[in-house]
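Student: Residue numbers (full-length UniProt numbering): 1 to 240.
Backbone N, C-alpha and C fix where the C-beta goes; we use that ideal spot for every residue, glycine too.
First the structure, which I've put down as structure tokens, then a few questions once you've had a look.
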Amino acid sequence: MTTPLLQITGLRAGYGRAEVLHGIDLTLNKGSIVTVIGPNGAGKTTLLNTLMGVLPSKGSIHYNGTCIQELTLEERVMLGIALVPERRELFSSMSVEDNLVLGGFRQMRLGNRQWREHIDDVYTLFPRLKDRRTQTSGTLSGGERQMLAVGRALMSRPQLLMLDEPSLGLAPLIVQEILRNVQALRETGVSILLVEQNARAALEVADHGYVLEMGEVSLQGPASALADDARVIETYLGTG
Ligand code: ATP
């Protein structure tokens, strides 16, 4: 059996004395899209922040078979982990292209001179960004901002891309577009951990899903099986 890209066991984390994650087990295989769905406050963002190294944790996090629990955020970025946070913060007074250039920092540090070509790869995935490459990023629409946030993260050539609620606040058609981009991205070999409240959309694109409730995994399985699960339908998908 091949080593999972990400293997989390008994993960506990929180803020000060308030524990938010109460022992999470999660596996993400190379080349797959795994989604974590669940209600507000379940601990989804906390899980991503813990994986990124922003919050200390107990339990174990293995990446490519190596324990990364004690590594800093920067060290995890250098290993190929990237996070697109929920708020999609950009350098709003800078152009689309300059935001991408800044995202290429890891590649420059690695002495990789291909980063210009990586910008073209981002434009291939998101042609809309190419059309707007000289536009100030603060003037982009919500969907374009999300694309730029993802594009900037891709400039670090991640192996594992973690997305925190990319559909938040976006119109349904734009959500579909973003999620199609996520699938296209997987085709290029990037593995994806997708946190979503939009369970219907997330389960459509993911291979495997986890339901996180009050800091615990209450259900998990192939995304298609979760989408057919009576409890998931009732709680997260509605009857429509
Ligand atoms: P949402 O979908 O609303 O973003 P979530 O599942 O991502 O929710 P988290 O943001 O991880 O949930 O929050 C989990 C719990 O941790 C909540 O009770 C929240 O109030 C608490 N929490 C989050 N950030 C902090 C913080 N910086 N300090 C203290 N408590 C926090």
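Can the beta-carbon of Leu21 be found less than 8 Å from the beta-carbon of Thr46?
Tutor: In the sequence shown, counting from the first residue as 1, residue 21 sits at position 21. In the sequence shown, counting from the first residue as 1, residue 46 sits at position 46. Going by C-beta atoms, Leu21 is nearer than 8 Å to Thr46.
Student: Going by DSSP, name the residue or residues bridged to Thr9.
Tutor: Working through the sequence shown from its first residue, we reach residue 9 at position 9. Answer by DSSP bridge pairing, in chain order: Ser60.
Student: Run through DSSP, which three-state label would Leu140 get?
Tutor: In the sequence shown, residue 140 corresponds to position 140, counting from 1. Coil.
Student: If you draw a straight line from the C-alpha of Val205 to the C-alpha of Gly151, how long is it?
Tutor: Numbered from 1 along the sequence shown, position 205 holds the residue referred to as residue 205. Numbered from 1 along the sequence shown, position 151 holds the residue referred to as residue 151. Using only the alpha carbons, I get a separation of about 19 Å.
Student: Heavy atom of ligand 1 less than 7 Å from the Cβ of Tyr236, yes or no?
Tutor: Counted from its first residue, the sequence shown places residue 236 at position 236. The answer is no for Tyr236.
Student: If you follow the alpha helix (DSSP H) that Asp131 is part of, which residue opens it and which one closes it?
Tutor: Here residue 131 corresponds to residue number 131 of the sequence shown, with the count starting at 1. Element bounds for Asp131: 127-131.
Student: Let me check one thing: in DSSP terms, what residues is Thr50 bridge-paired to?
Tutor: The residue you call residue 50 lines up with position 50 of the sequence shown. In the DSSP output, where bridge partners are listed per residue, Thr50 has none listed.
Student: Relative to the alpha-carbon of Glu97, which residue among Thr134, Gly80, Leu71, Glu234 has its alpha-carbon at the smallest distance?
Tutor: Start at 1 with the first residue of the sequence shown, and residue 97 comes out as number 97. If we check each option's Cα against that of Glu97, Thr134 comes out closest.
Student: On the three-pair Cβ rule with 8 Å, is the segment 59-72 touching the segment 125-145?
Tutor: As far as the Cβ criterion goes, the segment 59-72 does not touch the segment 125-145, which means the pair count is below three.
Student: Mark Asn40 as exposed unless 16 or more other C-beta atoms lie within 10 angstroms of its C-beta, in which case mark it buried.
Tutor: As a working mapping, residue 40 is identified with position 40 in the sequence shown. The residue in question, Asn40, is exposed, as its Cβ has fewer than 16 Cβ neighbours within 10 Å.
Student: When you compare the CB positions of Leu226 and Gly209, do they come within less than 8 Å of one another, or not?
Tutor: Stepping through the sequence shown from its first residue, residue 226 is reached at position 226. Stepping through the sequence shown from its first residue, residue 209 is reached at position 209. Contact flag set, yes.
Student: So the candidates are Ser57, Gly23, Asn29; which of them puts its Cα closest to the Cα of Gly16?
Tutor: As a working note, residue 16 is residue 16 in the sequence shown. For the residues Ser57, Gly23, Asn29, the minimum Cα distance to Gly16 belongs to Ser57.
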